[in-house]
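In this note's numbering, the protein residues as written are 48 to 521.
Listed below in structure tokens is the structure:
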């Protein structure tokens, strides 16, 4: 939709915008944010056989803040998706969101998860929110998990939860477990849980977080989840930076509507899935999604080539004075470091069909788009978790192959150098990161490296390598 308009923008809701009637909610999402609105909702809207009579609607629940849910609720779930290319923008109204709810509205979440008409639960809550231990294992000792386990166990009576006694669980898994218990109680059948977080083996992570908590509360509930709920693996990709305030003016000028919460994203999009959907699903493949038998190579390609280079630029780029991905990739030094990292990662991406050279070329085009302000400070968040999946595996694979893995080590070194002198950090494990960061000398390096991979702290060559790279980056 592109219509230049200079008059006062009109209200933006289903009474003023020409969109299809709202379908009933058959999909539920936890983690309502910009990426969900640029990705799963776009794919769902574009998967319909009859766009005038859509069959699949989303009910989506916010994360930390309820403000977005309230703003979308005032617009009947409508928002404008702005695809920002290198030269121009395309505007599209997304209408597949039929309910926008704050996270605290767990009663509605549980009602939807228990409904037989609900077929799929998708999740975007960031890696850290799964609250898992080493090796993605369920960890009842993690403080939010322990709190949920105590509360849910106390509220579980005669095979079901006393919903009034549950309150609002602290974790995503806690909320989902209660909803699945209600689904079992109402004999509504199975459904699919689809993690769309940037997490290697995200199906395993979702399974272990949800089924692990269910089994800890009650073994029979855990067995029901194991038998009836599928956990689908995904690899997702669409750069979706924070929208600048000026986007509201752009949307009002070009569309004629006063959209309070538009989303800016790049034209590129990708969604690869592996798994079963016992209660059905939209035909996402009609919108370009790929369903594969083995997703692991696609996960590694995305985590290492896209996300790994993002993390490298997030820290090294900021150390060199850059603010955005486009700025960093335009710096010949950062560009060379990215190429070196890609060369190392590509040594371990040999599965037929991955087209690594084409993927790298597409990434350079995407990174260089000057009209996508993807801020390095945003990418730098949660480094202690992200680098475990984005840089450490490449470094260890290179060293196992008899090569030094310098480029992967540089990503880790850049994080350590970036943290130098910081007393605040945006990280799900911020307390541990800051404790390690306050240590002096070589022990600081070892403490921070230990948060990423304890085994590497015993490799003297790696420790010396990191020390040298940190000095260079400073």
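Don't be surprised by glycine CBs; every beta carbon is placed ideally from N, CA and C.
Where the alpha helix (DSSP H) containing residue i begins and where it ends
i, result
"residue 231", "219-232"
"residue 498", "489-499"
"residue 347", "343-347"
"residue 163", "Unbroken run through residue 163: none, as it is neither H nor E."
"residue 399", "Counting along the chain, residue 399 falls outside any alpha helix (DSSP H), and DSSP gives it neither H nor E."
"residue 351", "Here residue 351 belongs to no alpha helix (DSSP H), and DSSP marks it neither H nor E."
"residue 405", "403-414"
"residue 67", "Per DSSP, residue 67 belongs to no alpha helix (DSSP H) and is neither H nor E."
"residue 362", "Looking at the DSSP string, residue 362 is not in any alpha helix (DSSP H), and its letter there is neither H nor E."
Collapsed DSSP secondary structure at residue i in the structure displayed
i, result
"residue 323", "coil"
"residue 524", "What the structure shows of the chain is the stretch from 48 to 521, and residue 524 is not part of that stretch, so it cannot be assessed."
"residue 369", "coil"
"residue 356", "helix"
"residue 103", "coil"
"residue 136", "strand"
"residue 144", "strand"
"residue 185", "strand"
"residue 422", "strand"
"residue 337", "strand"
"residue 315", "coil"
"residue 376", "helix"
"residue 179", "strand"
"residue 517", "helix"
"residue 117", "helix"
"residue 476", "coil"
"residue 289", "coil"
"residue 436", "helix"
"residue 505", "helix"
"residue 214", "coil"
"residue 298", "helix"
"residue 254", "helix"
"residue 249", "helix"
"residue 174", "helix"
"residue 512", "helix"
"residue 486", "coil"
"residue 453", "helix"
"residue 94", "coil"
"residue 32", "Past the edges of the chain, shown from 48 to 521, lies residue 32, and the structure says nothing about it."
Residues bridged to residue i [DSSP beta-bridge criterion]
i, result
"residue 304", "57"
"residue 208", "203"
"residue 310", "128"
"residue 79", "109"
Pair within 8 Å by beta-carbon distance, residue i and residue j
i, j, result
"residue 220", "residue 213", "no"
"residue 513", "residue 492", "yes"
"residue 242", "residue 281", "yes"
"residue 410", "residue 369", "no"
"residue 236", "residue 171", "no"
"residue 431", "residue 374", "no"
"residue 252", "residue 183", "yes"
"residue 461", "residue 520", "yes"
"residue 85", "residue 310", "yes"
"residue 359", "residue 457", "yes"
"residue 438", "residue 459", "yes"
"residue 113", "residue 137", "no"
"residue 272", "residue 168", "no"
"residue 88", "residue 105", "yes"
"residue 142", "residue 92", "yes"
"residue 146", "residue 124", "yes"
"residue 322", "residue 250", "yes"
"residue 294", "residue 126", "no"
"residue 70", "residue 122", "no"
"residue 193", "residue 207", "no"
Run of the beta strand (DSSP E) containing residue i, from where it starts to where it stops
i, result
"residue 168", "167-170"
"residue 284", "276-284"
"residue 448", "Per DSSP, residue 448 belongs to no beta strand (DSSP E) and is neither H nor E."
"residue 242", "238-242"
Rounded Cβ spacing between residue i and residue j (contact assumed at less than 8 Å)
i, j, result
"residue 179", "residue 186", "6 Å"
"residue 482", "residue 448", "About 34 Å; that fails the 8 Å criterion."
"residue 413", "residue 315", "6 Å"
"residue 90", "residue 336", "6 Å"
"residue 353", "residue 284", "6 Å"
"residue 161", "residue 230", "5 Å"
"residue 257", "residue 240", "7 Å"
"residue 420", "residue 288", "6 Å"
"residue 433", "residue 95", "Going by Cβ atoms, the distance from residue 433 to residue 95 rounds to 35 Å, so no, they are not a contact pair."
"residue 338", "residue 350", "At roughly 20 Å, the Cβ-Cβ gap does not stay under 8 Å, so residue 338 and residue 350 are not in contact."
"residue 131", "residue 313", "6 Å"
Distance cut-off 7 Å: residue i Cβ against heavy atoms of the ligand HEM
i, result
"residue 177", "Questions concerning the ligand HEM fall outside what the structure shown contains, since it holds no ligand whatsoever."
Interface flag, residue i vs chain D, CB-CB below 8 Å
i, result
"residue 59", "Among the protein chains of the structure shown there is no chain D, as only one such chain exists."
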